[in-house]
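Shown next, in structure tokens, is the structure this report addresses.
Number of protein chains: 2
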Amino acid sequence: MSITVVGSIAFDSVRTPFGERERMLGGTAMHFSLASSFFADVHIVGPVGDDWGEAEMATLARPGVHTHDVERVPGGETFFWRGHYDYDLNTAHTDDTRLGVFAEFEPKLSEDSRACEVLFLANIQPELQLGVREQCDRARFVALDSMNLWIDTARDVLLRVIETVDCVLLNDAELRMLTGEPNLIRAARTVIGWGPGSVVAKQGEYGATLITRHGFFSLPAYPLESVLDPTGAGDTFAGGFLGTIAAHGGLDEEVLRSAMAHGTTLASFNVEEFGTERVSRLRPAEIEARVHELGEMTRFSGLPLPVRG
Amino acid sequence: MSITVVGSIAFDSVRTPFGERERMLGGTAMHFSLASSFFADVHIVGPVGDDWGEAEMATLARPGVHTHDVERVPGGETFFWRGHYDYDLNTAHTDDTRLGVFAEFEPKLSEDSRACEVLFLANIQPELQLGVREQCDRARFVALDSMNLWIDTARDVLLRVIETVDCVLLNDAELRMLTGEPNLIRAARTVIGWGPGSVVAKQGEYGATLITRHGFFSLPAYPLESVLDPTGAGDTFAGGFLGTIAAHGGLDEEVLRSAMAHGTTLASFNVEEFGTERVSRLRPAEIEARVHELGEMTRFSGLPLPVRG
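Chains A and B, in that order, are what the protein sequence lines are. Read in my numbering, the first sequence has 362 at position 289, and its numbers run on one by one without any break. Read in my numbering, the second sequence has 327 at position 254, and its numbers run on one by one without any break.
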């Protein structure tokens, strides 16, 4: 199955307690594409400006990533984000956002992108997500990300998009905000009541939880002694998650669980270095080894144990 | 193996968004004893006052709980705690604490309590923990809990106790505070460097993580749509955890993992109702079923998946 992702392509300037970088390649669609391309072909849809040169395009166009729908806007400037993290790496502090060409972005999908079987609507305006969803009417599995801004300012449209997708990926706080339910399981059940068959709660250093109509699955984050930059972890997770679904072609509970393991693994590599540095040079054997390790780290045998009355 | 626990026996008055109770039976040693008695014999050491009557004693003295070292202090008042929780059930707000007989508590252990093979030093002054640790010199597995107050005011003594135990159970924030390490894995490794072979990070609604010299294991909390009162969850976890270790008699990685699963399970029952209400009427088959469910909720098969280079 092939994947299409619609989202941002950006330059990120990031400072954490462990270092800083200026104008790294970033953006939701960028992180997603890199991660998902380990498993399936991915079509990336998003705008860039004149400052996005051949070198940047070459980094993006790794094997499996189709860039014909990367829209070059003449005279425009690529989306730019500057932010920092303190020791609590779960919280990003935004210091500057310049939307640039992203401000006027209207996704234009080629026939190849529209023909995708798996679609990821990264965190952009719900109106744009809805338009893309309608164009990709043959997609068999559609997932969506969003954020507090859209829950606050465009809740009605966001709910209309959610009704049309198969999976909602949000962090815990967003799920609670969206549903008004402080209990995470009830929040997920509320979303499932709106249409999607599955909800993934992204929980940062605590991992991720998958709630489906009849199932529950939770995985810790891969334990790391050194986390340098969490930027893009959520989209990298989504890339591993949807990439796995595209590669398997099936949609049963086992595939979703395998997808969670691959999403968790890709995200763990992402945060080990700045921006896309680590994932860009990742090798298949490293992914396979870490997925196997995750399995070992969560397995317990029900040793026979007499419980007393 | 038999267990000894030293800690508080208390009356708790608790209010949460879901209800309130006055003067429930509580305290760290009380919650621990109830939970661990499903797996092994437990000797409870702690003081009570004149207000602790025959009815309270009868509730405590369930099968497997030995109460001969519950010290009745004539003229004294039992430890009392009043607190409340808002929708964030991870944070307890203390409204009143009356130490009563706990203020002058000096643990007096009978020969039976001293002869334990498993010892739990619940969250009390580190000086008292050290004294008890020295009395129980035949214990094969000793675990300790503590809190921010002692890390702040009695760090040196606390470190001396930690050097003598096999396992430290703390929540994430306490582990970071104790070690000055923002990264949880490094924080646990620091503690292990001081002597204990294992660290359990208690993570509330996110579950618990076990870090040993050469291993890592993490379990989510059992998913609940309704959590009424988290008071005592940590000590109930400890009861299931150490009870399992005592029942198995061995100390390998598989036993520790099974102990994590049973601790998680007991804690999940604890928070479903107020105080000890739910655990008091828990049946063995309910424990076994939930441990099995936890195994199902965390298992994933490494479906064969070609990762592309």
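Don't be surprised by glycine CBs; every beta carbon is placed ideally from N, CA and C.
Put simply, the CB of residue 213 (chain B) is far from chain A, with every gap to its CB atoms at 8 Å or more. At a cut-off of 8 Å, the C-beta of residue 244 (chain A) has no neighbouring C-beta in chain B.
Using a C-beta cut-off of 8 Å, the region 310-319 of chain B makes contact with the region 96-107 of chain B, since at least three inter-stretch Cβ pairs fall below that distance.
With respect to the C-alpha of residue 118 (chain B), the residue from B:109, B:82 and B:289 having the closest C-alpha is B:82.
Contact with chain A is found for residue 381 (chain B), since one of that chain's Cβ atoms lies less than 8 Å from the residue's Cβ.
Residues are counted here when their Cβ sits less than 8 Å from a Cβ of chain B; for the region 327-346 of chain A these are 327, 328, 330, 331, 333, 334 and 335, given in chain order.
Contact annotation, residue 295 (chain B) with residue 367 (chain B): C-beta distance approximately 6 Å; criterion of less than 8 Å satisfied. Residue 356 (chain B) belongs to the set of residues whose beta carbon lies under 8 Å from a beta carbon in chain A.
Comparing alpha carbon positions, the residue from B:267, B:268, B:285 and B:266 closest to residue 274 (chain B) is B:285.
Following the DSSP letters along the chain, one finds residue 357 (chain B) in no beta strand (DSSP E) but inside the alpha helix (DSSP H) bounded by residues 357-371. Contacts with chain B (Cβ-Cβ distance below 9 Å) from the region 92-114 of chain A involve 110, 111, 112 and 113, listed in chain order. Going by beta carbons, residue 74 (chain A) and residue 191 (chain A) fall inside the 8 Å limit.
Residue environment: residue 160 (chain A) is assigned as exposed (fewer than 16 neighbouring CB atoms within 10 Å of its CB, all protein chains considered). Beta-bridge analysis with DSSP links residue 218 (chain A) to A:242. The region 298-363 of chain B contains, as complete alpha helix (DSSP H) runs of 4+ residues, the segments 306-321, 326-345 and 350-353 (chain order).
Look at residue 85 (chain B) here: in three-state DSSP terms it is strand. Residue-level contact by beta carbon holds for residue 297 (chain A) and chain B, with a gap shorter than 8 Å. For the pair residue 172 (chain A) and residue 351 (chain A), the Cα-to-Cα distance works out to about 26 Å. When the five nearest sequence neighbours on each side are left out, the beta carbons in the same chain lying within less than 7 Å of the beta carbon of residue 245 (chain A) are those of 257, 274 and 276, in order along the chain. Here residue 205 (chain A) is not near residue 241 (chain A), since their CB atoms are 8 Å or more apart.
Secondary structure of residue 223 (chain A) (DSSP, three-state): helix.
The beta-carbon of residue 279 (chain A) is placed less than 8 Å from the nearest beta-carbon of chain B. Around the beta carbon of residue 170 (chain A), a 10 Å sphere encloses fewer than 16 other beta carbons of the protein chains shown; the residue is thus reported as exposed.
Apart from the 5 residues on each side of it in sequence, residue 249 (chain B) sits with its Cβ closer than 8 Å to the Cβ of 255, 257 and 260 in its chain, given in chain order. For residue 317 (chain B), the residues of chain A that pass the 7 Å Cβ criterion are 378, in the order they occur in the chain.
Per the DSSP secondary-structure output, residue 94 (chain A) pairs in a beta bridge with A:87. Burial check for residue 303 (chain B): the Cβ neighbour count within 10 Å reaches 16 or more, so the residue is buried. Not flagged as an interface residue toward chain A: residue 158 (chain B), since no C-beta distance is shorter than 8 Å. When CB distances to chain B are screened at a threshold of 8 Å, the residues of the region 130-143 of chain A falling below it are 136 and 137, in chain order. Listed along chain A are 298 and 299, each with a C-beta nearer than 9 Å to that of residue 259 (chain B). Looking at the backbone, the Cα of residue 139 (chain A) and that of residue 84 (chain A) are separated by about 20 Å. Nearest to residue 156 (chain B) by alpha-carbon distance, out of B:325, B:88, B:287 and B:328, is B:88.
Residue 307 (chain B) places its beta carbon 8 Å or farther from that of residue 99 (chain B). Under the three-state reduction of DSSP, residue 271 (chain B) is assigned to strand. By the criterion of a C-beta distance shorter than 6 Å, residue 162 (chain A) is surrounded in its chain by 300 and 303, once the five residues flanking it on both sides are discounted. Looking at the DSSP output, residue 169 (chain B) shares a beta bridge with B:155.
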